[in-house]
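Below is one structure, written out as structure tokens; the observations come after it.
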Amino acid sequence: MSQGWKITVVVLAVVGVLSTPLVWLFDSPGAGQLAGATVQAAAGIAALVWALFQRPSSAGPIDKAVRTGKASRSGITGIRRPGGRGRGSATAERTGEARGKKSVSGIDYSN
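Going by my numbering, the sequence shown opens with residue 101, and the numbers climb by one from there.
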């Protein structure tokens with residue numbers, strides 16, 4: 101969960117929990133109002149607890165290839181991420197030579 105969403109959920113949960121006592125301030129509550137206020141407070145507390153226990157999503161792996169060997173006959177020297185899948189950064193420095201059809205030197209995002 102991103103930090104922005106976490107803050108939003110926490111704020112809404114706090115508003116839900118704090119607005120529950122307003123029922124008793126404005127009017128003497130009936131059974132239905134009491135039940136509704138209880139459900140509202142429980143949902144607010146549950147959302148607050150859930151948001152507080154969420155961990156930030158990881159950015160993904162950090163792939164790095166440095167000084168790789170030679171590639172021939174459709175070989176790859178470096179990093180392969182078919183279709184651009186995967187999260188995180190990928191860097192390739194001083195990769196080796198690529199000779200032959202479909203050989204790649206560096207980062208391969210093809211399918």
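Every residue, glycine too, gets a C-beta built ideally from N, C-alpha and C.
With the rule of 3 Cβ pairs closer than 8 angstroms, the stretch 189-200 counts as touching the stretch 164-171. For Ile145, the three-state secondary structure derived from DSSP is helix. A buried status is given to Val204, since no fewer than 16 other beta-carbon atoms sit within 10 Å of its beta-carbon. Cβ contact annotation for Tyr209 (same chain, cutoff 8 angstroms, sequence separation greater than five): Arg181, Pro182, Gly183 and Gly184, in chain order. The DSSP-derived three-state label of Ser119 is helix.
Look at Gly136 here: in three-state DSSP terms it is helix. In the structure shown, the three-state DSSP call for Ile107 is helix. When DSSP reads this structure, Ser205 sits in a beta bridge with Thr177.
Ile176 sits away from Ala190, with the two beta carbons spaced by 8 angstroms or more. With respect to the C-alpha of Gly188, the residue from Ile207, Asp163, Trp150 and Lys202 having the closest C-alpha is Asp163.
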